[in-house]
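Protein chains in written order, with the numbering used here: chain F, -8 to 233; chain P, -8 to 233.
Positions of the beta carbon are idealized from the N, C-alpha and C atoms, including for glycine.
A quick write-up on the structure given underneath.
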DNA sequence: CAAAAAATTCAATAATATTGAATTAATTCA
DNA sequence: TGAATTAATTCAATATTATTGAATTTTTTG
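Right, here's the structure in full:
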């Protein structure tokens, strides 16, 4: 247990839970710490931007940068349970394979798949990690996470980065991403985001062979998916599944 | 700048912004740190409850305890601007003095007051700090902040603490607090909370001399205040004033 | 406006977190 | 499924770091 880290978090807790505008001495007294120690920690928190001082008084308050630390964690089992019917539905409608992907740090992973009952179909492995840059699903994650985007783009050549940036702008405008034989020859894919508490917590993709799953069919799949996801999104709103 | 504190926050940021389920090595690589260092910090964050590991994999994710660190900071100028008309209105209606109080750590402070045009009236100093335990306004703050409550109650005798606990339960049920000659002889006061993002960010009190500002008048003042505050609360909803 | 209290700064040292190697656990691929 | 590889965890030693306590400046109180 790193002492200074523990103290820093306890100080932020104290400030937040005491309604902001807290005095250094009150913190020190409440926590049984030396004033200098508290000052040193507050100084660090101030530099980091999580805490600021009032303009008029030397009192401390927390900033809304703290909100950036929170990621809406919806549990995987619930996500799978709620979205499995959507995969089955879209696969029945399109007669193509559908996937549910979740972000795993800088990569993504398929957590669910649903394949149509026809011989020529797309089949990809679950529980494997895929790169963000060259798939429709990955590009959706990139499009909705600024941080992931900058982290990923800086490892790319300037030319590639610029092209991707442009594509990402399109994706955000349209609400879906396409992969036209980019991940693999003969494979087409369309992917759409699934939101929870205003953040993308999963991406759903529909993939088919290039010869038959073309522009028109992909757009149609997008419209169907959009309609199917809306009620699920609505249902999860307000509930706090852990 | 305390290094370990800085690193701890950067690690939480990294996890949150990379969609959770992040690997230790990815954090270490991204931040240019030794794995052991990252592990040590993650261990601390885990003990503190801000980070947890997946049940199946050794991947890390942030928990919703982080939400506890955030205090909805509505700026004082905006709060005063929006609630000044309410004070004027309630003072005109009741012909008694009204106050706007905000929490200052373990105390509260009057930020605004409005006095009626009559000789016998309540007059209290602004910009002074008052104790939470023996005023209607303080009891409202106590009633809606568990942390403040436990912090305050532990400095009281068991008997007093219990009485206060009981009163607080009543306050939460009724939505207002009373001070019947508790803070000072001959002074009556009724106080109601003002919410922003589900938290009490201010308390409004109406005070009058005990001989004329009695139960019936106080209840009436409560009803009026409630009606006046609702539209302000609604107006501030959604807006993000800083 | 003066007195008291609180916040901030600074240098010295005691205590702490970081290092690097070794072990254990989890993934990957045939 | 099982061996090979990669990642996570543990541990002891040390260099670095944060804490202490006194002095100064700023803020608050009467």
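Exposed or buried, which one is residue i when buried takes at least 16 other CB atoms within 10 Å?
i: residue 142 (chain P); result: buried
i: residue 232 (chain P); result: Any reading at residue 232 (chain P) is ruled out, since the residue's pLDDT is 37, under 50, leaving its predicted position unreliable.
i: residue 184 (chain P); result: buried
i: residue 211 (chain F); result: exposed
i: residue 94 (chain F); result: buried
i: residue 218 (chain F); result: exposed
i: residue 202 (chain P); result: exposed
i: residue 105 (chain P); result: buried
i: residue 38 (chain P); result: exposed
i: residue 89 (chain F); result: buried
i: residue 111 (chain P); result: exposed
i: residue 10 (chain P); result: buried
i: residue 160 (chain F); result: exposed
i: residue 79 (chain F); result: exposed
i: residue 100 (chain P); result: buried
i: residue -1 (chain F); result: buried
i: residue 47 (chain F); result: exposed
i: residue 154 (chain P); result: exposed
i: residue -4 (chain P); result: buried
i: residue 237 (chain F); result: Outside the displayed range of chain F (-8 to 233) lies residue 237 (chain F), so it cannot be described from this structure.
i: residue 133 (chain P); result: buried
i: residue 193 (chain P); result: buried
i: residue 8 (chain F); result: buried
i: residue 27 (chain F); result: exposed
From the DSSP output, read off the bridge partner residues of residue i.
i: residue 205 (chain F); result: Residue 205 (chain F) pairs with nothing; no bridge assigned.
i: residue 44 (chain P); result: P:51
i: residue 200 (chain F); result: F:178
i: residue 168 (chain P); result: P:182
i: residue 94 (chain F); result: F:99
i: residue 89 (chain F); result: F:105 and F:197
i: residue 190 (chain F); result: F:187
By the criterion of Cβ-Cβ separation under 8 Å, what are the contact partners of residue i in chain F?
i: residue 35 (chain P); result: -8, -7, -4 and -3
i: residue 17 (chain P); result: 96 and 97
i: residue 142 (chain P); result: 9 and 21
For the alpha helix (DSSP H) that contains residue i, what are its first and last residues?
i: residue 70 (chain P); result: 67 to 85
i: residue 129 (chain P); result: 127 to 135
i: residue 26 (chain P); result: 26 to 39
i: residue -6 (chain P); result: -6 to 8
i: residue 15 (chain P); result: 15 to 22
Hey, out of the options, whose CA is closest to residue i's CA?
i: residue 35 (chain P); options: F:68, F:-7 and F:75; result: F:-7
i: residue 50 (chain F); options: F:15, F:125, F:58 and F:175; result: F:15
i: residue 61 (chain P); options: F:189, F:224 and F:56; result: F:56
i: residue 73 (chain P); options: P:95, P:212 and P:103; result: P:103
i: residue 187 (chain F); options: F:69, F:100, F:130 and F:110; result: F:69
i: residue 207 (chain P); options: P:179, P:25 and P:144; result: P:179
i: residue 109 (chain P); options: P:39, P:85, P:96 and P:21; result: P:85
i: residue 181 (chain P); options: P:175, P:189 and P:171; result: P:171
i: residue 4 (chain P); options: P:41, P:65, P:132 and P:173; result: P:41
i: residue 199 (chain F); options: F:13, F:169, F:124 and F:148; result: F:169
i: residue 259 (chain P); options: P:12, P:66, P:156 and P:174; result: The displayed coordinates of chain P run from -8 to 233. Any statement about residue 259 (chain P) would go beyond what the structure contains.
i: residue 221 (chain P); options: P:53, P:77 and P:6; result: P:77
i: residue 53 (chain P); options: P:-2, P:205, P:152 and P:12; result: P:12
i: residue 146 (chain F); options: F:123, F:164 and F:159; result: F:123
i: residue 156 (chain P); options: P:175, P:174 and P:125; result: P:125
Give the interface partners of residue i over in chain P, defined as CB-CB distance under 8 Å, in chain order.
i: residue 12 (chain F); result: 93, 94, 95 and 96
i: residue 62 (chain F); result: 6, 7, 8, 10, 11, 52 and 53
How far does the beta strand (DSSP E) with residue i in it reach, from first residue to last?
i: residue 181 (chain F); result: 178 to 187
i: residue 124 (chain P); result: Careful: residue 124 (chain P) lies outside any beta strand (DSSP E) and carries neither H nor E.
i: residue 114 (chain P); result: Premise fails: residue 114 (chain P) is in no beta strand (DSSP E) and is neither H nor E.
Along chain F, which residues have their Cβ under 7 Å away from the Cβ of residue i?
i: residue 125 (chain P); result: Simply none; closest approach about 18 Å.
i: residue 44 (chain P); result: Those within 7 Å of residue 44 (chain P) in chain F number zero; the least Cβ separation is about 12 Å.
Against residue i, what residues of chain P qualify as contacts under a CB-to-CB distance less than 7 Å, listed in chain order?
i: residue 138 (chain F); result: 8 and 9
i: residue 234 (chain F); result: In this structure chain F extends from -8 to 233, so residue 234 (chain F) is not present and cannot be described.
i: residue 32 (chain F); result: -7 and -4
Which residues in chain F have a C-beta closer than 9 Å to the C-beta of residue i? List them in chain order.
i: residue 59 (chain P); result: 4, 7 and 8
i: residue 41 (chain P); result: 0 and 60
Could you tell me if the beta carbon of residue i falls within a distance shorter than 6 Å of some heavy atom in the ligand ZN?
i: residue 166 (chain F); result: Only the bare structure without any ligand can be found here, which leaves the ligand ZN out of the picture.
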